[in-house]
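Report on the structure given below.
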Amino acid sequence: MSGPMEPLPDCAEDPARALRAMFVDLVQGRRIAQGQDPALRPVFLKAHGSARGVLTVDADLPEELRVGFLEAARAQGGLTAWVRFSSDTVPSRSDLRTTLGIGIKLFGVPGAKLLTDESEADTQDLLLQNHDVFFVDTARDMCEFTRAGVVDNTLQAYLDSHPVTRMVLQDMAKAEKSTLTATYWSVLPYGFGDERHVKYKLVPAGCADGDPQAVPPDEDPSFFRGDLRHRLAAGEAAFDLFLQLRTDPDGMPLDRATVRWEETASAPVRVARLTLHQQNTEARGQAAYGENLAFNPWHSLPEHRPAGSIAKARRGVYLASAARRRDANGVPATEPGPARPVSTEPPGRDTRIVRAAIHPAIGVARVGDSAEGFFLAPEVDDAPAEASYKDATGALKRQAVRFRVYGFNAAGEPVAELTADNADLRWTVHVANKKAAWYQFQLALDIPEAAQAPESRLRNATVRPRGKLVIDPRPRSVRGRDRAGLPELRFDTGTFMGTPVYLGELRTDRAGRLLFLGGRGKAASVDNRPATDYANNDGWHDDIADGPVRAEVRIDGRTIPVEPAWVVVAPPDYAPGLKSVRTLYDLLRDTYVTAGLLPRPQRVSFTHDVLPVLRRLCDLQWVNHGIAVQFGHGGRDHLLAPERLTRLASKDPVHKELRRQVWASLRHLDRDGMSPVPWPSVYGDAINLPPVSPRQHLALSPLQYDLLWRWMNGEFVEDFDPAATPVTRLEDVPLAERPATLDRAALSFCLADAFHPGCELTWPMRHATLYSAPFRIKHRDPDLPDQSYGRVLTPQAALAVDGPLYAQGPGHLTRWMAVPWHTDTASCRSGYDVGFGPRYDPYLPTFWPAKVPNHVLAEADYAIAMDPARPAEERRLAFERRSVWLRWLPTGYETQINEMVRDFGRLGIVERRPGPQDDPALPETMLVESEVTFAPEPAPPRERNLITVHVPEAVDPEVRADAVAAAVAMAEPPDEEVSAGFINKITHLSGNR
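Residue numbers (full-length UniProt numbering): 1 to 993.
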């Protein structure tokens, strides 16, 4: 566009000209001026694919229906058809809940056409969409609607005053399984001969499912394109074309497009079949051919003249937009000649990059106290273990996260990873720590029990100005290869109460990818007071942080728009490689499916949907003694035992009862209440002693539960291969799957149980308002100041539309977490008790064992189990023995949470080791606590369990010592150690504060 746009014509006087100006000059012109290449349509611009087919008519079609193109099809035995499937959204947006459209161009239709310039063309167009009415009545209405949305920015006000339009738009946002299983309507009426009018309806008449193993991932934002490709590759698809004759002029108006022509008044009549041949929709040139076609309802025989003011406006708008698009793309602005035949050229691929995105969309770094040592965060689901997670001094290495940029073509397909070899990349990161300036964590504010919890008051409420509590070093940028160790790349200029705090640094690898390293796990109190609470210690700070990750990308001098990402710094992972039963990826995927941002999975894969839940549950045997006895090697419910796993993976009806018993053992909150018996025996968001809520314990996400229910009923793909080798390198993943693989791997090693407040992140993550797209945080305007919600953050304020669960700024995700993190990590144990009355299990339930172990196989016991010279029974007992992971810290709850600040890096790491090869009674692989680096090392008894006892009376400092001593003295049985005290973490709903 050159120069300012001329004033718009009045919608009442000339709606067609005004619509042309808005759609063609403003919307389409602006996109072309901004460099859109190739230029696209102003509407229905997200293409899902084009296909070749044939329209056939029965030879005995009644005489009165042999009109126009129908008679041509009957007389010729069929008409070649090219169809284009699309959505009325931009290519970068997800397909889900978009309006689907189908354009049909029929070839071989003789006779003069309505468009003068193309009167001799032998084509006839039909345009339909997957809803039976339009959202406005007339061209004037369409003009006013468009002006409100495109020019005046008053669309919401328009919708508020036009409820019919609002309702129809809501109805149009429907979820479809496939472009080939949707029903389409012409929406607007057309002439049918001299006197009659009709509407068209296209009803699916069958299509192939395609290869179940080749269905695109559920998180694919362009799943319609992949689905169309797979289904038509597997077989043909067909639609039946119906006519609905206008029989009631009043009930079936010609110029009120929101009025439904009721089928009870005039039943649609089948007149033809559209068959799409089996084909490769990605064949060379096919997509380009479909995109270069122009569809216009006025590419028509006079017998099918479009009716109504919207149709009249479409004539000029469609002509002008097609002409502008074709001119910008260098394509002749004429109707095609003979229909394009099936291509015999070798396959082609669109390699022009039009946009880019950073992956993982949410990257997770972790703190460690090593001065220089670090390792990379997992980039695949089965990432190989590091040789050592501690450096030569015994300090814990940091987990760095590597960010990559992928370039995508116009179809949303990954074309290439962009590195310093093929692009110019400049990275910018802005992290901050705002914990001390935020509100206390008492309970997740989005669950009903929050109303019973203590108030979420400001932390450090008396400190002014509040900015002294915010650690914000401002953004850092880096470009180039192998950039490391530079002062300007360190986030070390932020301060807490005047004290500088290091939050991490930027680096790049040899390909120019970004590496982010977080802090070193340091925490301190401004006045040297000890920590007393698991989450809310005034005067304290730590070096956790989070914030946006952006990239500027240029390819051959051309700037590419880039979707940004987010980085989160989390506490250490003391059991690398283990995953919780419900991961953060599981939770977010459920959030997006529930919100309609991702489609519900159409198929259940045993290998990808069921086995991970069973495996994770069993793998927790290495970090909790109770789970080891029940689900571990040789345990009562060892679901991974080869013979049992073979039966669980089979659809044979004889195994249904086994599947049913496993499924019925999983916790369902409505059925099981507060019982700790169902699986998994993991604490939930509303943990309290004594229990008062079903959310005392964790349940799987609704999506996980649904997938397992379908598995139980035998509705799953039998795809388990016990000999399959897991992929351990991103380079071995197909390029098209790498972006989603990175997103999934980053979150699969994070916890979603329990959000109290959480290990890496907490409860706001399950709210769809936080995201701009699946797995992508919505960024807050950096110029906006942080909002205050008063002295107390109430559930109502937290969940309000102007609350904190929308666009995010630096430090906004981690501000909900414990300060410092060490006190919460040291508090998240297993088998909590009140007094020493009857209890379910001294080892269960548990908090976060996948990241913070409870009980471990110690190095000494592993050595015994591996020693072939020892008796088999001694080796077996050594293997079954578990040691308390926190046994290295001194006794006493408050003492331990403070010692954790100093000693967090000395605790053992659970690492994978080979098992013995000479004893089949022992597993082939073991996870062993190694690299405990206390010096000198204490020698606690290794066979004694640690029981954490909550002593309500200890809330009173005057009686605390006597109350704790009495609780310890009552300890039974004698083979257990006791850590007793008043524990805020489990008293939020009991009133014992």
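For each residue, glycine too, the CB sits at the ideal point set by N, CA and C.
Quick caveat, the model's predicted, so the values are computed rather than measured.
Status (buried if at least 16 other CB within 10 Å, exposed otherwise) for residue i
| i | result |
| --- | --- |
| residue 1011 | What is shown of the chain runs 1 to 993, which leaves residue 1011 out entirely. |
| Arg246 | buried |
| Thr334 | exposed |
| Pro42 | buried |
| Met167 | exposed |
| Glu943 | The predicted position of Glu943 is uncertain, since its pLDDT is 48 and thus under 50; a value taken from the coordinates is nonetheless stated next. Exposed, because fewer than 16 other Cβ atoms sit within 10 Å of the Cβ of Glu943. |
| Ala545 | buried |
| Ala939 | With a pLDDT of 45 at Ala939, under the threshold of 50, the modelled position of that residue is not reliable, and the figure given next carries that caveat. Exposed: under 16 other Cβ atoms inside 10 Å. |
| Glu379 | buried |
| Pro530 | exposed |
| Asp527 | exposed |
| Ile983 | buried |
| Gly363 | buried |
| Ala267 | exposed |
| Pro890 | exposed |
Which residues DSSP lists as bridging residue i, in chain order
| i | result |
| --- | --- |
| residue 1059 | Only positions 1 to 993 of the chain appear in this structure, which leaves residue 1059 out of reach. |
| residue 995 | This structure leaves residue 995 out entirely; the chain is present only between 1 and 993. |
| Val964 | None; Val964 has no bridge partner. |
| Pro204 | Phe239 |
| Val549 | Val429, Ala565 |
| Trp540 | Ser525 |
| Phe879 | The partner list for Phe879 (beta bridge, DSSP) is empty, contrary to what the question assumes. |
| Leu254 | Paired residues: none, contrary to the question. |
| His277 | DSSP, once it has assigned bridges, lists no residue as partnering His277. |
| Gly803 | Gly803 pairs with nothing; no bridge assigned. |
Cβ-based neighbour list, residue i, same chain, cut-off 7 Å, excluding 5 preceding and 5 following
| i | result |
| --- | --- |
| Asp538 | Arg459, Asn460 |
| Leu396 | Gly368, Asp369, Ser370, Tyr389, Lys390, Pro572, Gly905 |
| Ala595 | Ala768 |
| Gly577 | Ala385, Arg912 |
| Asp381 | Arg744, Ala745, Ser748 |
| Asp421 | Ala511 |
| Val90 | Leu45, Lys46 |
| Val203 | Thr183, Phe239, Asp240, Phe242 |
Boundaries (first-last residue) of the beta strand (DSSP E) holding residue i
| i | result |
| --- | --- |
| Phe775 | Unbroken run through Phe775: none, as it is neither H nor E. |
| Gly905 | It is not in any beta strand (DSSP E) - Gly905 carries neither H nor E in the DSSP assignment. |
| Leu79 | 79 to 87 |
| Ser477 | 476 to 479 |
| Thr559 | 558 to 560 |
| His48 | 46 to 56 |
Element boundaries [alpha helix (DSSP H), containing residue i]
| i | result |
| --- | --- |
| Asp824 | 821 to 825 |
| Met73 | Just to set this straight, residue 73 is Ala in the shown sequence, not Met. Ala73 -> alpha helix (DSSP H) spans 69 to 76. |
| His230 | 223 to 234 |
| Gln129 | Careful: Gln129 lies outside any alpha helix (DSSP H), inside the beta strand (DSSP E) at 123 to 129. |
| Arg647 | 642 to 648 |
| Thr146 | 139 to 146 |
| Thr741 | 738 to 748 |
| Val168 | 163 to 172 |
Reference residue i, options the options, closest by Cα
| i | options | result |
| --- | --- | --- |
| residue 1019 | Gly111, Asn624, Gly394 | Outside the modelled stretch of the chain, which goes from 1 to 993, sits residue 1019, for which no answer is possible. |
| Lys105 | Tyr893, Asp619, Tyr289, Gly226 | Tyr289 |
| His668 | Glu657, Pro680, Arg659 | Pro680 |
| Trp663 | His131, Val610, Pro690 | Val610 |
| Ile560 | Asp240, His277, His541, Asp424 | Asp424 |
| Glu144 | Arg31, Ala21, Gly77, Leu65 | Ala21 |
| Ala33 | Arg324, Arg398, Gly235, Thr264 | Arg324 |
| Arg780 | Gly811, Ala800, Tyr789 | Gly811 |
| His299 | Gly235, Ala234, Asp122 | Asp122 |
| Val401 | His359, Thr419, Tyr439, Asp652 | His359 |
Spatial neighbours of residue i in its chain, beta-carbon cut-off 6 Å, leaving aside the 5 residues before and after
| i | result |
| --- | --- |
| Thr948 | Arg829, Tyr832, Ser979 |
| Lys468 | Met497 |
| Pro774 | Glu219, Tyr592, Leu597, Leu598 |
| Ala294 | Ala322 |
| Ala954 | Arg960, Ala963, Val964, Gly981, Phe982 |
Any C-beta of chain D under 8 Å from that of residue i
| i | result |
| --- | --- |
| Val901 | Chain labels in this structure do not include chain D; a single protein chain is all it has. |
Other residues of its chain near residue i: CB distance less than 8 Å, five sequence neighbours each side excluded
| i | result |
| --- | --- |
| Ala356 | Val405, Tyr406, Gly407, Phe408, Leu418, Ala551, Val553, Ile560, Pro561, Val562, Glu563 |
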